[in-house]
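One structure below.
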Amino acid sequence: MSAKSGHHHRWTRKHLLGLQELSADEIRFVLDTADSFKEVSTRSVKKVPALRGRVMVNLFFEDSTRTRTSFALAAQRLSADIIDFSQKTSSVNKGETLIDTARNIEAMGIDIIVVRHPAGGAAELLSRHVKCSVVNAGDGAHEHPTQGLLDLYTIRERFGKIAGLKVAIVGDIANSRVARSNLWGLKKLGAEVILVGPPTLLPRAFEQLGARVVYDFDEVVGEVDVINMLRVQFERIKTSQFPSVREFTRLFGLTGDRFKRCKKDVFVMHPGPMNRGIEISSEIADGAQSGILTQVTNGLAVRMAGLYLVSQASD
Ligand code: NCD
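1171 is the number of the first residue of the sequence shown in my numbering; add one for each residue after it.
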């Protein structure tokens, strides 16, 4: 493994909390490490001993299918032991705090906590109260670093570069940790980021983070290289922010009609789960220019890299 030998010194972080705090070099280092782990996934024996004897816990306080599964599989491929801790079966329901819960889990000898929580800042808070590594799997609308990294990885794989690309992130920006992590990562690696959505779901303040803010999808649809469609997060949206589903699809959906006006080689992404027929048409989601399942595949290699690097840093 090249990640083990040469460039060890380029990663010193015990936690993976967000892309805002990572340098461009650190981000590239995770992506390069993921490259070597992707190769592992093509072998018939898809396991390496990198985390043998380590224990990872999935500590999810929000629903998740693919992210939790992806972390579990990533840890298995690194030969770690895995514990799953979901809200319904835990004593969180009895009023135990996040930190108490984590400390109790840690007392069982856990090395890495992968946490998803509805409150922004929860992962960072946790990292200050436990001795083990913390990996953020989504904290409120704040960050989802492994999603951001797997999106960067997938774009780099497709285009061979990230700098100079124009990337539109479209839809429910206000509620999206995916949008925020993507914005940080893409800007650091030199892409132009255009955020597209209705004013109620896209605060102008995003301009201060270096994004171009656009309220008319059709204004930019023909000029972008990548379109990352976000899920409309109905569970987080207040009704005043969102007039009607049909109106949203007409103005901000990636419809067949709009797709015809895109660049010929436009690359279509979505973090999942999709609302088919609302933010994206099924034909496009399943079509030749969709990278959606590639994102899922790459997520595994990226999470292997993240788990591996944080555990090396805590040695
Ligand atoms: C995203 C999330 O949970 O932030 N999904 C995911 O990680 N698979 C995006 C979303 O829920 O829309």
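The beta-carbon is built from N, C-alpha and C at its ideal position, and this holds for glycine as well. Predicted model only: the values in this text are computed from it and were never measured.
Boundaries of the beta strand (DSSP E) harbouring V1305: S1303 to D1309, taken from the DSSP string. Short note on H1185: C-beta not closer than 7 Å to any heavy atom of the ligand NCD. Counting only runs that start and end inside the region 1401-1443, the alpha helix (DSSP H) elements of at least 4 residues fall at 1415-1422 and 1426-1429. Selection A1483, S1484, Y1478 and D1233 evaluated against S1249 yields Y1478 as nearest (Cα-Cα). The alpha helix (DSSP H) runs of length 4 or more contained entirely in the region 1178-1205 do not exist; there are none. A direct Cα-to-Cα measurement between A1272 and R1431 gives close to 50 Å.
For T1467, the shortest separation between its Cβ and any heavy atom of the ligand NCD does not lie below 7 Å.
With a cutoff of 8 Å on beta-carbon distance, F1199 and R1180 are scored as near each other. Distances from the CB of H1299 to the heavy atoms of the ligand NCD are all 7 Å or more.
Ranked by Cα distance from R1286, the options E1313, G1457 and D1309 are led by D1309.
As the crow flies, the alpha-carbon of R1473 is around 13 Å from that of H1185. Between L1335 and A1349, the CB-CB gap reaches or exceeds 8 Å.
Within the same chain, Cβ atoms closer than 8 Å to the Cβ of I1197 are found at L1189, L1319, L1322, G1355, K1358 and L1359, the five residues on either side in sequence being excluded. In the displayed model, R1298 falls within coil according to three-state DSSP, outside both helix and strand.
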